[in-house]
Amino acid sequence: APDIPVIDQAYSKLSNSITVEWRAVPGATNYMLTAQDGDSFVETIVKNSPGTVTGLKPATLYRITVRSISSGGKSQPSPFTKVKTVLAAPILSVRSPSCDSIAVSWKAVHMAAGFSVSLMRSDGLGRVLKQNTTNTSLIFTNLDPGTLYTVKAYAWNANGVPGDDFTYNQRTSPNAPVDVKVAFNSGASRAVVSWMPTEGALTYSVTVSSGLLKLRCNTSSASCMVPSLQCSSEYDVSVTAHNDAGSSEPTDAVSLKTIPCAPVNISIEEDEPGHLLVSWSSVSLGHYYVVFVKSDDGLEVHCNTSHTQCHFQSDCGFTYFISVFAYNKAGQSPLGDVLNYTTAPCCPSDFRAVFVSSDTVRVTWAPVRGADLYETRVAGGSGVVLCRDTATACSLSALQCSTPYNITVHSFSEARGSSASCAPHYVATAPCSPEIKNISKEGVSVISVQWQPNNEEAMYVVTARGEAGLWHCTSTRNSCTLMDLPCGSAFSVSAIARSPAGQSLPSYSIPLETAPCCPNDLVLTQVTQSVTNISWSVGRGAQTYVTTLESPKGQAKCHTLQTYCLLGCITCGTNYTVSLRAISETGLTSSCTYQGYSSSACCPSGVKLYRLSNNGIRVFWRASDETINYNADLRGSKGNFSCTPSLGLSHCDITKIPCGDVYTVLVAPVTNKRPRLTFCPKKIYSVTCSGSSVGMVIYRGKSNAKHI
Numbered sequence: 197a198p199d200i201p202v203i204d205q206a207y208s209k210l211s212n213s214i215t216v217e218w219r220a221v222p223g224a225t226n227y228m229l230t231a232q233d234g235d236s237f238v239e240t241i242v243k244n245s246p247g248t249v250t251g252l253k254p255a256t257l258y259r260i261t262v263r264s265i266s267s268g269g270k271s272q273p274s275p276f277t278k279v280k281t282v283l284a285a286p287i288l289s290v291r292s293p294s295c296d297s298i299a300v301s302w303k304a305v306h307m308a309a310g311f312s313v314s315l316m317r318s319d320g321l322g323r324v325l326k327q328n329t330t331n332t333s334l335i336f337t338n339l340d341p342g343t344l345y346t347v348k349a350y351a352w353n354a355n356g357v358p359g360d361d362f363t364y365n366q367r368t369s370p371n372a373p374v375d376v377k378v379a380f381n382s383g384a385s386r387a388v389v390s391w392m393p394t395e396g397a398l399t400y401s402v403t404v405s406s407g408l409l410k411l412r413c414n415t416s417s418a419s420c421m422v423p424s425l426q427c428s429s430e431y432d433v434s435v436t437a438h439n440d441a442g443s444s445e446p447t448d449a450v451s452l453k454t455i456p457c458a459p460v461n462i463s464i465e466e467d468e469p470g471h472l473l474v475s476w477s478s479v480s481l482g483h484y485y486v487v488f489v490k491s492d493d494g495l496e497v498h499c500n501t502s503h504t505q506c507h508f509q510s511d512c513g514f515t516y517f518i519s520v521f522a523y524n525k526a527g528q529s530p531l532g533d534v535l536n537y538t539t540a541p542c543c544p545s546d547f548r549a550v551f552v553s554s555d556t557v558r559v560t561w562a563p564v565r566g567a568d569l570y571e572t573r574v575a576g577g578s579g580v581v582l583c584r585d586t587a588t589a590c591s592l593s594a595l596q597c598s599t600p601y602n603i604t605v606h607s608f609s610e611a612r613g614s615s616a617s618c619a620p621h622y623v624a625t626a627p628c629s630p631e632i633k634n635i636s637k638e639g640v641s642v643i644s645v646q647w648q649p650n651n652e653e654a655m656y657v658v659t660a661r662g663e664a665g666l667w668h669c670t671s672t673r674n675s676c677t678l679m680d681l682p683c684g685s686a687f688s689v690s691a692i693a694r695s696p697a698g699q700s701l702p703s704y705s706i707p708l709e710t711a712p713c714c715p716n717d718l719v720l721t722q723v724t725q726s727v728t729n730i731s732w733s734v735g736r737g738a739q740t741y742v743t744t745l746e747s748p749k750g751q752a753k754c755h756t757l758q759t760y761c762l763l764g765c766i767t768c769g770t771n772y773t774v775s776l777r778a779i780s781e782t783g784l785t786s787s788c789t790y791q792g793y794s795s796s797a798c799c800p801s802g803v804k805l806y807r808l809s810n811n812g813i814r815v816f817w818r819a820s821d822e823t824i825n826y827n828a829d830l831r832g833s834k835g836n837f838s839c840t841p842s843l844g845l846s847h848c849d850i851t852k853i854p855c856g857d858v859y860t861v862l863v864a865p866v867t868n869k870r871p872r873l874t875f876c877p878k879k880i881y882s883v884t885c886s887g888s889s890v891g892m893v894i895y896r897g898k899s900n901a902k903h904i
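When you read off a place in the sequence shown, starting at 1, and then add 196, the result is the number in our numbering.
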């Protein structure tokens, strides 16, 4: 076995161990250290010196031995040495009762005669504070708030030997935050509270209180948002800083007034047309109010007031959207009820009334804003006429003629009803139709028309209408005269009344016929000595004609549909008066007088031819009137011959007439005004030759031959 070791020294640095130093033993590979306390002991194997026995009890006296170990075995224990373990470290309880103090306390330590406690900033700044005491607690004051301090404490025994020390890091509680500010977010009904960060604070808590209501907000930053704040409320806001040592004192309360609540009980009244009165209930914490009024055409106006009502100008036919906001320093209240108010529609404008007949007027007007329906009311005459329609026009019928009416057009809307008092429009109907009572003939072309006047201040116009044209006369009384009406014409006579209000319907038409016209041209032609042909131009309006030739010797008359007539029993050489009556289909007669007519002179009688010695012929006749001159005509194939005697003679001679020919002899009166008469009797004579150019004259009238 190896040699026994020799202990040089043994000591205790920690309360649970003893350190032993010895001289090395040759050949020893390990050493066994033994600490014995009564019956209990603790052994430890170490490689070399020094060696430490652990797991010991503090402040306990131990017997320490050392044995060397080799492959040959263990040596005997070395002579023992007595060593006492140092005192145990006090177990500290550390807290920061305020932001500038740290309180340290501990339980009593066995065998301790006193305690030493030191404190210093963990960052090494500042001085070390140290206190010795026999008590089990003490307080360090005047410390920096929110600062981490290191606390170290140990106990010593009666010999002044220090025991184990105990180290504890403790932070002082933070100071209360400063420069607290509150910013209110009116749109979100929340407040943002901010402050200057305080030294050593790990977290912060914000308390917002109003009466029994408390809201909290925790954060590690230097600001915090407090949501769900109520409108029209006043809150006290305080901030407390926290760390692991504790909490600071709350800051002095900062007052926070939230935005006012939205105004309620909003009412809108149109106290008079064109003026809106908006009123509402007062709002707590509301300093002033703003009323916004926006019309449906996009135009917006507003009103600022500290009272609870505002006046606005309004226009008819508009819808206004009205909102009221309350304001204070915190901002604007939330949007409350948005009310709409529709004003009564405007009175129609651009009124026009046009009469489409005497009893019907068509009323039109321009459309107006806000109108859903229009009502036209007509007052006057015998009652009231109503017309309701969505159109901007109305035809009012069955009106009385020559009557004043007041026409009023009102507009209606479903939202507000009727428009305000709209001005009536005065309209007078056209005059009543006159009634023709009588038409009388005043002259050849003059007609008097009478009617029943049934209008006041009316001008009456009478019109005669026919194929010949139009004829008019006017009067403000009850009759007028149509002048220069053409003959032989048919007319339709009617009357109308005119006034500034218009023109009446025409009266019922009365037929009127003027007497037929006298023919312009009348020609008399004597056909025979006792027959005369009368012809004339057409007389307008005439259907039949009666012609008359009248003389002291008698009368000749003819009634015909034609424009000519043969009148017999005419006495030759007689002056006649000529008259004609034109008769219409209805029996109207025009008496026409023309220039007198003289029948032709009477034809001679006893016409004879006598042969003269010089190849001549003497024509002889008996004249009916010695004052009439005659002309004798001989017409044959070898020539025509004539002679006219001197006035008063009843024969004339024709010389060098060829013989051997048949001649037609006509002796007729001669006048300057008429052509030669051809209706006198004609006689045929044959002039023969007897051995020479002279022969016999033979009469051949009626197949008989006569010679001289």
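We put the CB at the ideal spot given by N, CA and C, even for glycine. Nothing here was measured: the structure is a model prediction, and the numbers come from that model.
Within the continuous beta strand (DSSP E) that includes residue i, where are the two ends?
i, result
"residue 594", "Per DSSP, residue 594 belongs to no beta strand (DSSP E) and is neither H nor E."
"residue 302", "297–302"
"residue 362", "358–367"
"residue 218", "213–218"
"residue 874", "No beta strand (DSSP E) contains residue 874, which DSSP labels as neither H nor E."
"residue 381", "374–381"
"residue 826", "825–832"
"residue 406", "399–406"
"residue 482", "Run containing residue 482: none; DSSP gives neither H nor E here."
"residue 728", "728–732"
"residue 293", "288–294"
"residue 626", "Element bounds for residue 626: n/a, residue is neither H nor E."
"residue 921", "In the structure as shown, the chain begins at 197 and stops at 904. Residue 921 is therefore absent and cannot be evaluated."
"residue 852", "No beta strand (DSSP E) contains residue 852, which DSSP labels as neither H nor E."
"residue 822", "Premise fails: residue 822 is in no beta strand (DSSP E) and is neither H nor E."
"residue 911", "In the structure as shown, the chain starts at 197 and stops at 904, and residue 911 therefore has no counterpart that could be examined."
"residue 749", "First-last for residue 749: undefined, no H or E at that position."
"residue 704", "Looking at the DSSP string, residue 704 is not in any beta strand (DSSP E), and its letter there is neither H nor E."
"residue 421", "419–422"
Alpha carbons only, please: which of the options is nearest the one belonging to residue i?
i, options, result
"residue 235", "257, 246 and 264", "257"
"residue 658", "742, 790, 651 and 644", "644"
"residue 801", "432, 485, 457 and 877", "877"
"residue 532", "457, 883 and 503", "457"
"residue 449", "302, 536, 602 and 404", "404"
"residue 726", "707, 687, 794 and 718", "794"
"residue 214", "199, 198 and 253", "253"
"residue 530", "284, 454, 687 and 207", "454"
"residue 292", "271, 309 and 337", "337"
"residue 472", "283, 687, 517 and 759", "517"
"residue 387", "814, 427 and 561", "427"
"residue 806", "851, 692, 824 and 787", "851"
"residue 884", "860, 864, 856 and 360", "856"
"residue 737", "752, 756 and 714", "714"
"residue 259", "238, 357, 269 and 546", "238"
"residue 608", "629, 581, 539 and 594", "539"
"residue 828", "798, 862, 812 and 819", "862"
Can we count residue i as close to the ligand PLP, meaning its CB is less than 7 Å from some heavy atom?
i, result
"residue 512", "Questions concerning the ligand PLP fall outside what the structure shown contains, since it holds no ligand whatsoever."
Could you give the C-beta distance for residue i and residue j, rounded to a whole number, given that I count them as a contact under 8 Å?
i, j, result
"residue 875", "residue 721", "With 8 Å as the limit, residue 875 and residue 721 do not qualify as a contact, their Cβ atoms being about 11 Å apart."
"residue 373", "residue 392", "6 Å"
"residue 792", "residue 773", "5 Å"
"residue 396", "residue 341", "6 Å"
"residue 541", "residue 562", "Actually they do not touch by this definition, with Cβ atoms about 12 Å apart."
"residue 284", "residue 352", "So it is not a contact: roughly 12 Å between Cβ atoms."
"residue 264", "residue 199", "6 Å"
"residue 915", "residue 303", "No information on residue 915 is available, as it lies outside the stretch 197 to 904 that the chain covers here."
Determine, using beta carbons only, whether residue i comes closer than 8 Å to chain D.
i, result
"residue 282", "The structure shown contains no chain D; it holds only a single protein chain."
Please specify which runs of the beta strand (DSSP E), each continuous and at least 3 residues long, are wholly inside the stretch 424–489, giving them in chain order. List check, beta strand (DSSP E) in window: 430–439, 450–453, 463–468 and 471–475.
Touch check for the stretch 676–685 and the stretch 626–644: three-plus C-beta pairs under 8 Å? By the Cβ rule, the stretch 676–685 counts as touching the stretch 626–644, because three or more pairs are nearer than 8 Å.
Across the stretch 523–539 and the stretch 548–556, are there enough close Cβ pairs to call them in contact, namely three or more that are closer than 8 Å? The stretch 523–539 vs the stretch 548–556: no contact.
Would you check if there are 3 or more beta carbon pairs closer than 8 Å linking the stretch 267–281 to the stretch 321–333? In short, these stretches do not touch, since the Cβ pair count stays below three.
Quick one: complete alpha helix (DSSP H) runs, 4+ long, within the stretch 234–297? Taken in chain order, no unbroken stretch of alpha helix (DSSP H) lies wholly in the stretch 234–297 with a span of 4 residues or more.
Which parts of the stretch 312–338 are runs of the beta strand (DSSP E), unbroken and 3 residues or longer, counting only runs that do not cross its ends? Those beta strand (DSSP E) runs which fall completely within the stretch 312–338 and span 3+ residues are 325–329 and 333–336.
Evaluate contact between the stretch 693–711 and the stretch 780–787, counting only Cβ atoms and requiring at least three cross-stretch pairs below 8 Å. Under the Cβ criterion (8 Å, minimum of three pairs), the stretch 693–711 counts as touching the stretch 780–787.
Report the start-end ranges of each beta strand (DSSP E) in the stretch 765–810 that is 3 residues or longer and not cut off at the edges. DSSP runs (the beta strand (DSSP E)) wholly in the stretch 765–810: 771–779, 785–794 and 801–807.
Determine contact between the stretch 694–708 and the stretch 626–636, defined as no fewer than three beta-carbon pairs at a distance below 8 Å. Taking 8 Å as the limit for Cβ pairs, the verdict is that the stretch 626–636 does touch the stretch 694–708.
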